[in-house]
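Residue numbers (our numbering): 683 to 1049. Some notes on the structure that comes next.
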């Protein structure tokens, strides 16, 4: 949602009219129509999160409203199964559209099956592959956020001709206005609290670091979407006696998130799969050096030794080595901080939106 807001707000500032239609949600109590920073926003209430109910709301309320707006172009940020209804409506009414695909659900399902080879896990993987394949087969113009995902989509599309454009997800200007003034040896991890981000690996890293760096701390910040995994983290923290070193901050406000970035020394990412990682871009804009697992699109965004260090997923020993190296060499930290602030300029919405505007113009000219 942050990416949609950032793009929409910048488009409005450049004089374009933008209407955002949110997918049906059960967490609101009614339909909403509001103006947010010049963006016209519609939100749709859904009595329950079942696919049947969501498809009903899309068919009866969202699609008719979308068509009544008579859009010049539609930019789809959602590739869930029920979104195919929207694609079908756009095709029937000959409305130009493009689809933004990041591919993570498919990869997460594949990893889940590899860890636990059961029929339900296999079915879930097949389902995600089928869903994304159908999207790809019904789409010509695709946006993705890294070359890594572009290459994956090329293979996934088989013989279907795709016009794929790599456009990074942008970040809010507030991150560029923060100063890098770390207060202590605090590591920061920002991202959905879920198995893919592998916060459990982070606990193993901190457990080893505290032997040589007694004041080491880790702040884990992120959306709480997997309660079972969150409880597992809490249990592991207690079992390893890490309460003095590790703090969990689920669903924090944007202002608190900015504070977490500005007072941390390093950004740590232990994901088993990743595309761009917006949180890493935010950390770079603030000036944090990065230590990350070398997965997915990360290797396309980080330069080893220049603005961060990379290691294999699960390699706790290498992660510990890189973090100790940075903490024990403040000059190296400062060099990486300055490099990251410079490199992060490419994530400003003002420059990213210009790429979208050119792409929209291209889409409207295409037959």
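C-beta atoms are modelled at their ideal positions from N, C-alpha and C, and glycine is treated no differently.
- Item | Any beta strand (DSSP E) of 3 or more consecutive residues that is wholly inside the region 762-801 | 779-782
- Compare the C-alpha of residue 932 against each of 825, 820, 912 and name the closest. Residue mapping note: residue 932 aligns to position 250 of the chain shown, counting from 1. For the residues 825, 820, 912, the minimum Cα distance to residue 932 belongs to 912.
- Which ranges would you report for the alpha helix (DSSP H) in the region 858-895 if only whole runs of at least 4 residues count? 881-891
- Item | Coil, strand or helix - residue 726 by DSSP | Indexing the chain shown from 1 puts residue 726 at position 44. Coil, per DSSP.
- Item | Cα-Cα separation between residue 751 and residue 890, rounded to whole angstroms | Locating residue 751 in the chain shown gives position 69, where the first residue counts as 1. Locating residue 890 in the chain shown gives position 208, where the first residue counts as 1. Distance between the alpha carbons of residue 751 and residue 890 is about 57 Å.
- Could you pull out every unbroken beta strand (DSSP E) segment of at least 3 residues lying fully inside the region 889-944, listed in chain order? 899-904, 928-932
- Grab me the residues of residue 865's own chain with a C-beta within less than 7 Å of its C-beta, minus the 5 sequence neighbours each way, in chain order. Counting from 1 along the chain shown, the entry for residue 865 is found at position 183. Cβ neighbours of residue 865 beyond the five flanking positions: 945.
- So which of 1039, 716, 816 has the shortest CA-CA distance to residue 703? As a working note, residue 703 is residue 21 in the chain shown. Among 1039, 716, 816, the Cα nearest to that of residue 703 belongs to 716.
- Message: Looking at the secondary structure, which residues open and close the beta strand (DSSP E) in which residue 957 lies?
- Response: Locating residue 957 in the chain shown gives position 275, counting from the first residue. Per DSSP, residue 957 belongs to no beta strand (DSSP E) and is neither H nor E.
- Tell whether a beta-carbon distance below 9 Å holds between residue 846 and residue 826. On the chain shown, residue 846 is found 164 positions in, with the first residue counted as 1. On the chain shown, residue 826 is found 144 positions in, with the first residue counted as 1. Yes. Within cutoff.
- Item | Three CB pairs or more closer than 8 Å across the region 866-881 and the region 892-902 | yes
- Could you spell out where the beta strand (DSSP E) holding residue 823 opens and where it closes? The residue given as residue 823 occupies position 141 in the chain shown. Per DSSP, residue 823 belongs to the beta strand (DSSP E) from 823-826.
- Message: According to DSSP, is residue 842 part of a helix, a strand, or is it coil?
- Response: As a first step, residue 842 must be located in the chain shown, where it is residue number 160. DSSP places residue 842 in coil when its eight states are reduced to three.
- Do residue 934 and residue 903 have their C-beta atoms closer together than 9 Å? Here residue 934 refers to the residue found at position 252 when the chain shown is read from its first residue. Here residue 903 refers to the residue found at position 221 when the chain shown is read from its first residue. Yes, the pair counts as a contact, with Cβ atoms nearer than the cut-off.
- Closest residue to residue 968 among 1026, 938, 770, 801 (Cα-Cα distance): Mapped onto the chain shown, residue 968 falls at position 286. Residue 968 has its Cα closest to that of 1026, out of 1026, 938, 770, 801.
- Along the beta strand (DSSP E) that carries residue 758, what are the first and last residues, could you check? Numbered from 1 along the chain shown, position 76 holds the residue referred to as residue 758. 756-758 is the extent of the beta strand (DSSP E) around residue 758.
- Grab me the residues of residue 790's own chain with a C-beta within less than 7 Å of its C-beta, minus the 5 sequence neighbours each way, in chain order. Position 108 of the chain shown, counting from 1, holds the residue named residue 790. 878, 955, listed in sequence order.
- Out of curiosity, what's the CA-to-CA distance linking residue 725 and residue 719? If you number the chain shown from 1, residue 725 lands on position 43. If you number the chain shown from 1, residue 719 lands on position 37. Rounded to the nearest angstrom, the two C-alpha atoms are 16 Å apart.
- Name, in chain order, the residues that DSSP records as bridge partners for residue 950. Residue mapping note: residue 950 aligns to position 268 of the chain shown, counting from 1. Beta-bridge pairing links residue 950 to 973.
- Message: If contacts are defined as beta-carbon pairs under 8 Å, then residue 870 and residue 965 qualify, I think. What distance do you get, rounded to the angstrom?
- Response: As a working mapping, residue 870 is identified with position 188 in the chain shown. As a working mapping, residue 965 is identified with position 283 in the chain shown. About 7 Å; that satisfies the 8 Å criterion.
- Task: Could you check how far apart the C-beta atoms of residue 930 and residue 948 are, in whole angstroms? I think they sit under 8 Å.
- Result: As a first step, residue 930 is located in the chain shown; it is residue number 248 there, counting from the start. As a first step, residue 948 is located in the chain shown; it is residue number 266 there, counting from the start. Actually they do not touch by this definition, with Cβ atoms about 18 Å apart.
- Message: According to DSSP, simplified to helix, strand and coil, what is residue 702?
- Response: Numbered from 1 along the chain shown, position 20 holds the residue referred to as residue 702. Strand.
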